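Note sheet for the following structure.
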Amino acid sequence: MSRFDFDLITLGAGSGGVRASRMAGKYGAKVAVIESSRIGGTCVMRGCVPKKLLVMGAHFGEALDDALGFGWSVEGATHDWSKLIAAKDKELDRLEVAYRNLLSNAGNTLVEGRGVLADAHTVEVNGKRLTAAKILIATGGWPVVPDIPGRELMITSNEALDLQQRPQRIVIFGGGYIALEFAGIFRALGSEVHLVFRADQVLRGFDADVRAHMQSELAKKGMTLYAGRKIISVAKAASEYTVVLDNGTTLAADAVMCATGRAPNTSGLGLKETGVRMNERGAVVVDGWSGTTVQNIFALGDVTDRINLTPVAINEGRMFAETQFNKNPMRMEYNLVASAVFSQPPVCVVGLSEEDARKTHDVAIFRTSFRPMVHTLSGRDQRTMMKLVVDKKSDRVLGCHMVGDDAPEIIQGLAVALKAGATKAQFDATVGIHPTAAEEFVTMREPINTPTPGGETA
Ligand code: NDP
9 MSRFDFDLIT LGAGSGGVRA SRMAGKYGAK VAVIESSRIG GTCVMRGCVP KKLLVMGAHF
69 GEALDDALGF GWSVEGATHD WSKLIAAKDK ELDRLEVAYR NLLSNAGNTL VEGRGVLADA
129 HTVEVNGKRL TAAKILIATG GWPVVPDIPG RELMITSNEA LDLQQRPQRI VIFGGGYIAL
189 EFAGIFRALG SEVHLVFRAD QVLRGFDADV RAHMQSELAK KGMTLYAGRK IISVAKAASE
249 YTVVLDNGTT LAADAVMCAT GRAPNTSGLG LKETGVRMNE RGAVVVDGWS GTTVQNIFAL
309 GDVTDRINLT PVAINEGRMF AETQFNKNPM RMEYNLVASA VFSQPPVCVV GLSEEDARKT
369 HDVAIFRTSF RPMVHTLSGR DQRTMMKLVV DKKSDRVLGC HMVGDDAPEI IQGLAVALKA
429 GATKAQFDAT VGIHPTAAEE FVTMREPINT PTPGGETA
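Taken in order, the sequence shown gives residues 9 to 466; the numbers are from the working numbering.
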């Protein structure tokens, strides 16, 4: 008989925690999962899933406009925001039930409440103490709102997904994933969108061509961009918000959204007191096995601030369960993880940006920009950009980048090719599917003139 109540206690029923717990249960472990909010976590309840439903809902607006060029008449089409939110909420309710069933079918015990570590083997929840041989911290992250006057007046992605009315004018602070995704949703549904970001360009960390192309597409959508700017205060009078930027510009809006990053959920969990080390950002420090500085305590997903993407957390959870409960040691590989921004148009990349590749490789760059076929008749001024970064020495494709419709659907397949070590010659030997946008990835023949390491143009 174990001296503990459980083999594993997991804090957090998000994507990573649920996957780890279900698999541990399948391998015979007695598992308790503790969750203080909705079952399913950020991705399912407050992130990827509801966001994508709203992105899809918003995109129909453009599709209807585009249909005119193909002979359709769509006069009188209107959009009802509250119906979209209600439909989305119904789907989230269905998913929450499905997640509860997944846990119970795996034999896991779900405890709803806030769990806090009392010691390395004990968690306090709802006034009770539960013990376990191993503890998994999978508590995710939470939006960060800068400390400026009126910060409490700003909504974050959490609230933006539940607004009862679509704001006619919205100011969005930030130029990353969440800012661009919500800017696209509100703009496509007809809101006036003001995007304020502190860098010269949106999407820091992405390839420079992606950033420049995306920024021009955002402007073409009719958003107003405030590059190199910060919000310094927000005030509200009656139902109108007044936003002041650091250059003195004043904006009036019906809502102000903050999308300036997320931070790991580690405060008040008893981690420090138990000896679990955290870094300066508050993320739990882990090794390649998701092990913390306390031998029987593990952590995965956004709370560890490695690559903050749902599929990464799910894989970390799977590998943790294999390693700890199935005698099958597995470690996560963090290279070539594709990532998408579901903006309008979407962005997707796998592998290295040109800038990062140049740090370690002599590279050839292939790039194309074109008007997608659908817009030859729709008349929409939208261009797709694709780019390949190739190592000259080995001919391996190091990075694939795309801004344009269906980019995430296309890049997913290319991620497999890059994982398999595909060379540019193999891309060239692949016959395209015509007429598609995707075929451009296998028909880019000539490298563009690019600076050599010496700074001259090749
Ligand atoms: P990001 O890190 O993508 O973007 C944060 C933005 O806020 C950047 O533009 C950044 O500017 C700016 N910023 C940060 N701090 C400040 C500050 N103090 N003042 C002003 N501006 C600031 O964060 P998100 O919140 O958009 O998303 C968090 C993470 O969640 C993402 O990085 C991603 O890992 C994940 N995510 C993934 C999605 C997907 O897969 N589709 C969707 C949504 C989120 P700067 O560029 O100058 O640093």
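The beta-carbon is built from N, C-alpha and C at its ideal position, and this holds for glycine as well.
Since the model is a prediction, treat every value here as computed from it, not as a measurement.
- Taking one beta carbon from each stretch, the segment 65–76 and the segment 383–397 have 3 or more pairs nearer than 8 angstroms; the two touch.
- Beta-carbon to beta-carbon, residue 25 and residue 124 are separated by about 16 angstroms, too far to satisfy the 8 angstroms threshold.
- Distance from the CA of residue 140 to the CA of residue 332, rounded to the nearest whole angstrom, comes to 14 angstroms.
- Using a Cβ distance threshold of 8 angstroms, residue 307 and residue 292 count as a contacting pair.
- Secondary structure of residue 241 (DSSP, three-state): strand.
- Taking 8 angstroms as the cut-off, the beta carbon of residue 398 is found closer than this to the beta carbon of residue 372.
- Collapsing the DSSP output to three states places residue 58 in a helix.
- Restricting attention to alpha helix (DSSP H) runs no shorter than 4 residues, the segment 118–194 encloses them at 165–168, ordered along the chain.
- If the five residues before and after residue 66 are omitted, its C-beta is found closer than 6 angstroms to the C-beta atoms of 193, 196 and 197, all from its own chain and listed in chain order.
- Relative to ligand 1, the nearest heavy atom lies less than 7 angstroms away from the CB of residue 206.
- Only exposed fits residue 80, as fewer than 16 other CB atoms lie within 10 angstroms of its CB.
- Setting aside the 5 residues that flank it on each side, residue 200 is surrounded in the same chain by 176 and 177, each with a C-beta closer than 7 angstroms to its C-beta; the list follows chain order.
- Pairing residue 41 with residue 111 gives a Cβ-Cβ distance under 8 angstroms.
- The DSSP-derived three-state label of residue 438 is coil.
- Residue 108 and residue 209 have their C-alpha atoms spaced approximately 42 angstroms apart.
- For residue 221, DSSP records no beta bridge to any residue.
- By the neighbour-count criterion, in which 16 or more other beta carbons inside 10 Å mark a residue as buried, residue 263 falls on the buried side.
- The beta carbons of residue 419 and residue 346 sit about 5 angstroms from each other, so the pair counts as a contact at 8 angstroms.
- Of the candidates 358, 202, 361 and 116, 202 places its Cα closest to the Cα of residue 259.
- Taking every protein chain shown into account, the CB of residue 223 has 16 or more other CB atoms within 10 angstroms, so this residue is buried.
- At a cut-off of 7 angstroms, the beta-carbon of residue 342 does not count as near ligand 1: no heavy atom of the ligand is closer than that.
- Closest option to residue 122, judged by alpha-carbon separation, among 163, 114, 342 and 136: 136.
- The segment 432–442 makes no contact with the segment 236–246: fewer than 3 CB pairs, one atom from each, lie closer than 8 angstroms.
- Taking one beta carbon from each stretch, the segment 10–17 and the segment 81–90 have fewer than 3 pairs nearer than 8 angstroms; the two do not touch.
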